[in-house]
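To keep things clear, I will list the structure first and then write my remarks on it.
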Amino acid sequence: MFSSDYEGKEKIEERLKETQKVFGYVFDRFTILNIYKLFTDNTIGRFEFPIASGKESLVFAASKNNKFFAVKIYKTVASTFKNIERYAGQRWGIDNTRNKRKFIMQWAHREFRNLSEAVGAGVIAPVPVKVVGNVLVMQYIGTKRKPAPLMKDCIITREIVADTLKSVRMLYTKAGLVHGDLSEYNFLVHRKKPYMIDIAQAVETDDAMARVLIERDIGIMTRFFNKFEYKLDKDKVLSYIRGESNVFR
Ligand SMILES: Nc1ncnc2c1ncn2[C@@H]1O[C@H](COP(=O)(O)OP(=O)(O)OP(=O)(O)O)[C@@H](O)[C@H]1O
Ligand SMILES: [Mg+2]
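Residue 214 in my numbering sits at position 212 of the sequence shown, with consecutive numbering throughout.
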């Protein structure tokens, strides 16, 4: 892909044009400029490899001086807004293209802010680094050869269960947030630790939807863990998460 590590500005301009030829099919100019800013402000030096391509975003591994980062690019074109409509569409209204772009930018900023609050509260999650428009840079979870696997593809030990529930409890009691889309698809397991990801849609614990969302989140997680015969009781886990009890079993 492209790199700014050892190149002059003219060369970069040339490459930006080149990049636009390639990425232009996927990204609009707004997105390409935001990516470009991350090169010129030295946040990243080069793209390493693509990690995932979802409905709402593309995630790449990038690096700077051999240090890896994850770059999540929210799609401004061809996005279905499935999640966004589900959580906030009615509240915020996203009926035209300009609003959509603005909305997507807010979404990226929201993910940045929620990640900062989560990490600050002791949740195991990628440390956010920078957000420019619809592009979010965060700590990369994985090795230089490949990204960490999703929790759904891992063998779940007692420690992983305990660390996961502790993170969700910290998110609730210390950051005052409910993730709202928890599942074995939104945790990465790296060096035996569960990293919570995909947190843009999180709502505050006093939000009208919070109660429904936390119950659903915990229902999904206990059902998944119980496939490994942990026999967790959803209500006990819920009081642990809310800080009403200090044990989840
Ligand atoms: N910090 C990270 N380090 C390594 N890989 C990551 C990181 N963040 C996300 N990923 C990978 O990118 C994928 C998509 O990320 P995320 O779930 O945040 O985006 P999404 O657009 O909401 O995707 P989906 O719709 O599939 O949930 C994840 O499943 C994971 O494999
Ligand atoms: Mg996800």
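The C-beta atom is built at its ideal place from N, Cα and C for all residues, glycine as well.
All of these numbers come straight from a predicted model, not from anything done at the bench.
Could you tell me whether any non-hydrogen atom of ligand 1 is closer than 7 Å to the CB of D219? At a cut-off of 7 Å, the beta-carbon of D219 does not count as near ligand 1: no heavy atom of the ligand is closer than that.
How close, in whole Å, do the beta carbons of T166 and P128 come, if the pair is a contact with beta carbons under 8 Å? With a Cβ gap of about 15 Å, T166 and P128 do not count as contacting.
S65 versus I143, R31, R112 and G122, residue with shortest Cα-Cα distance: Nearest option by C-alpha distance: I143.
As a quick exercise: from E113, K146, R244 and A212, pick the residue whose alpha carbon is nearest that of F71. Minimum Cα distance to F71 is reached at K146.
Hey, is G182 close to ligand 1, as in C-beta under 7 Å from one of its heavy atoms? No, Cβ of G182 sits at least 7 Å from all heavy atoms of ligand 1.
On the criterion of 16 or more Cβ atoms from any shown chain inside 10 Å, does F51 qualify as buried, or is it exposed? Exposed is the call here.
To which residues of the same chain is M107 closer than 6 Å at the C-beta, ignoring the five residues directly before and after it? G135 and N136, listed in sequence order.
Same chain, Cβ closer than 8 Å to E12, five either side skipped, listed in chain order: If we look at E12 and ignore the five residues flanking it on each side, it has no Cβ neighbours.
Residue range of the alpha helix (DSSP H) that Y242 falls in? Y242: member of the alpha helix (DSSP H) spanning K236 to I243, first to last residue.
Let me check you understand the geometry: is the CB of I75 closer than 7 Å to at least one non-hydrogen atom of ligand 2? No, Cβ of I75 sits at least 7 Å from all heavy atoms of ligand 2.
Exposed unless 16 or more other CB atoms sit within 10 angstroms - verdict on S59: Around the CB of S59, 16 or more other CB atoms lie within 10 Å, so the residue is classed as buried.
Grab the span of the beta strand (DSSP E) containing E58 for me, first residue to last. For E58, there is no enclosing beta strand (DSSP E), as DSSP marks it with neither H nor E.
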